[in-house]
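Worksheet: the structure to be examined is printed underneath.
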Amino acid sequence: MPITPTTCPLDCPDACGVLVESDDRGRFVQLRGNPEHGFSKGVLCGKTALYGELVTSADRLTTPLLRDGPKSTHALRPASWDEALQRIAERVNRIRAQPAGGESILAAWYAGSMGLVMRRFPLRMMHALGATLVDGGLCDNSSTAGYETVLGNPIGADIEHADDSDLLLLWGCDMVRTVQHLQPAAQRLCKRGVPAVAIDIYRTDTIRALERWGSRGLVIRAGTDAALALALARLAYERGYADRAFLERECLGAREFEAHVRSAHDLASTARVTGLDPDSISELADLLGRAALPFLKTGVGFGRRRNGAMSMRAVCSLAAVLGRAERIHYESFGTFGLAENAIERPDLRPEGAPKRVVNHVRLGRELESGRYRALFVWGHNPAVTCPDAARVRAGMARDDVFAVVHEQFLTESAELADVVLPATTFVEHADVYRSYGHRRVQYSRKASNPPEGPRNNVAAFGAIARTLRLPPATWDTAPESLCEELLQASAARLGREGLANLRAGRSFKLEPDAQRGRETPSGKIELVSASAAAQGQPAMASYVPDDACGQKGEFWLTCAPSRATHNSTFNHSARHLARAGRPHVHMHRADAERLGLDAGEIATLANENGSLSLPVALSEDLPPGMLRVDGLPRACDVPEGVGINALVSGELSDLGESNVLYSTRVDVRRRG
Ligand code: SF4
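Letter by letter, the sequence shown follows residues 214 to 885 in my numbering.
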């Protein structure tokens, strides 16, 4: 049976190598990990190991669906591709005939597939239409902004060499749930007696794992990461751990920063702010100060807050004080430098058509504004994935917004569409993948034939573009040709060896481009940042308490990644759902007792944005005053019919105009 090497397409830093087995007629049989992949080494997480459930699911969309009237009165009905394309063409041509018609078409895509071709090819059509685009602020822009403010070019340490470290520090990173393939290295380090510490806002699965392996975790108060990092920087100066030669040579504002941290952030006040005991902070300062080769892994946990960029700035500034700036591993695509515009082709935008980009976090408000006549969605389920999700749902439900959704399943967003187009899964199309965790690129060929009906993003959007008579570049191509175009356009970066490996189906590791500089305004590490000051932020990393965007609820609400499901399409797999179990709100026993709630009772979480009810699970891992919900509970399983992000504010982070997912506060009561 043919076996094809491919790549897990999910929004996960591990970007694992996958082998797909198909039968002689090209039908999917099964998949497993690719042992030749240099990072994942043949191991897949439980979510993707069962991905065949999604490929072969009877629930998959296999035909377009159309709505013949208002969303409130007309249901979706099956239709042919021709009919669906004609419907789209009629509506879009009418919109384009209006003044500024192109701009009133909004394109919203996200991380359903991380493949560069599937994600970015539909943008060709959107550019050719002069459409408005969403930006990428839904995930980690605040962390990226914080990192770039201090350190510039986000490359950092090589995760495949984490084993060489003499200290492992996991900060805001629940490795067990989000960077699973770092676990073996972490375990080996612990076995060798190398110190390992995880810092998080509750006792995560990672902290539990480190405890099992003889190491430890530090649970700090939510949103106080900057206070801890600045105290550790002060201790580094006081105890002689600061690398003064490095500071002098590489950093802008080293003296001001030293005076800044020495003026506050003493042990006692930091202990009060963070909730840690002073000895733990002191010990951590010594571990960091003595480590010659630490591996400092930051997740995006502390970044998805109102003060998220500031926390990242503080952690990066601490690393610079220690002379260990290059030892931070931040999740970023910054190392690759592939010619991604070769897929997107922004040059197809008509002359004079401005490139209007709107904030993804504000998608609900944008749709509410009445500015848009059409919405195209691919690789995305904004009705539950975006913050302020109730507003997004209301916006998508408007009858004056003609919504086209390209999807594998009838998701919450597809249910609100006027036209639904069935999509392929990753085993059914070719693509090029890079990772935001490791440094490997992969060229994945089509491994299996899709069922009759679903089309990949190139075929689906190409067919729309052709029907709209857009330029041939928007339709006269195929995924394999686009992969080749991308490789060719990136040939200088990939080199002959890279191209040969990729074309042979092997992952290729790209080392950072030595020609790239620091890429801060000054070309140095900026402990004092004029650009942050110009954006109304303190010029130096400071502790700014999380204001929860003014929400007054009693509890912090944290949404953790699920161990069993990855994104909302997994809600269409019975086996994944069975593994995940019924969604719950986890809370500390003392809080539950005070509120008179027993395990299993239904609690309503409510704030200024909305309300949602879930059964209670008691947890000793959460501090009092914190709630946790895992994964994305299905809107249909919640009495209010909404997802968890209906409680999340559409406000923005301090820098990077990103989400504030974890700055959510709610009140809790028993459901009446
Ligand atoms: S979800 Fe992540 S860990 Fe799981 S198989 Fe995909 S890339 Fe690997």
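Note that the Cβ used here is the ideal one computed from N, Cα and C, for glycine as well.
Worksheet item: When DSSP builds the beta bridges, which residues end up paired with G430?
Response: A411
Item to complete: Return the first residue and the last residue of the beta strand (DSSP E) that E234 is part of.
Response: 230 to 235
Worksheet item: Listed in chain order, which residues are found with a beta carbon closer than 6 angstroms to a heavy atom of the ligand SF4?
Response: C221, L223, C225, D227, A228, C229, S253, L257, C258, K260, T261, Q393, H779
Fill in: Unbroken stretches of the beta strand (DSSP E), 3 residues or longer, contained in the region 247 to 309
278 to 280, 289 to 291
Discussion item. Pairs of beta-carbons, one from the region 557 to 574 and one from the region 862 to 876, closer than 8 angstroms: are there three or more?
Written reply: yes
Discussion item. Please give the ranges of any alpha helix (DSSP H) in the region 591 to 628, keeping only runs that are unbroken, at least 4 residues long and fully inside the region.
Written reply: 595 to 598, 602 to 609
Worksheet item: How about M892 and E469: do their beta carbons lie closer than 8 angstroms?
Response: A question about residue 892 goes unanswered here, because the residues of the chain that appear run from 214 up to 885.
Discussion item. Going by DSSP in three states, R519 sits in which element: helix, strand or coil?
Written reply: coil
Worksheet entry | Proximity winner among G711, T548, E821, E641, relative to I372 (alpha-carbon distances) | T548
Item to complete: Give the straight-line distance between the Cα atoms of W769 and F241, rounded to the nearest whole angstrom.
Response: 44 angstroms
Worksheet item: At what residues does the beta strand (DSSP E) containing M800 begin and finish?
Response: 798 to 801
Discussion item. I need the straight-line Cα distance from G488 to N784, nearest angstrom please.
Written reply: 37 angstroms
Discussion item. For A527 and V618, what's the separation of their Cα atoms in angstroms?
Written reply: 41 angstroms
Discussion item. With the cut-off set at 8 angstroms, would you say P507 and D387 are in Cβ contact?
Written reply: no
Worksheet entry | Three CB pairs or more closer than 8 angstroms across the region 771 to 778 and the region 253 to 266 | yes
Item to complete: May I have the straight-line CA-CA distance separating E564 from I738, to the nearest angstrom?
Response: 39 angstroms
Worksheet item: Whole alpha helix (DSSP H) runs in the region 318 to 373 with 4 or more residues, listed along the chain?
Response: 329 to 333, 335 to 342, 354 to 364
Worksheet item: Who are S832's beta bridge partners in DSSP?
Response: H801
Practice prompt. Could you tell me if A481 is buried or exposed, where buried requires 16 or more neighbouring beta carbons within 10 angstroms of its beta carbon?
Written response: exposed
Worksheet entry | Rounded straight-line distance, which links the Cα of P567 to that of S824 | 39 angstroms
Worksheet item: Counting pairs of beta carbons, one from the region 598 to 618 and one from the region 651 to 665, are three or more of them closer than 8 angstroms?
Response: no
Fill in: Limits of the beta strand (DSSP E) - the one that K404 falls within
First-last for K404: 396 to 404, but that is the alpha helix (DSSP H), not the beta strand (DSSP E).
Discussion item. For R841 and Q311, what's the separation of their Cα atoms in angstroms?
Written reply: 47 angstroms
Worksheet entry | For A555 and A745, the rounded distance between their alpha carbons | 32 angstroms
Worksheet item: For P692, which of helix, strand or coil comes out of DSSP?
Response: helix
Discussion item. What does the alpha-carbon distance come out to for the pair P335 and G885?
Written reply: 46 angstroms
Worksheet item: Taking the C-alpha atoms as reference points, what is the distance between L275 and A787?
Response: The amino acid occupying residue 275 in the given sequence is Thr; Leu does not appear at that position. The alpha-carbon atoms of T275 and A787 are separated by roughly 19 angstroms.
Worksheet item: Going by DSSP, which residues form a beta bridge with M839?
Response: W769
Practice prompt. Leaving aside the five residues before and after A505 along the sequence, list all residues of the same chain whose C-beta is less than 8 angstroms from its C-beta, in chain order.
Written response: D379
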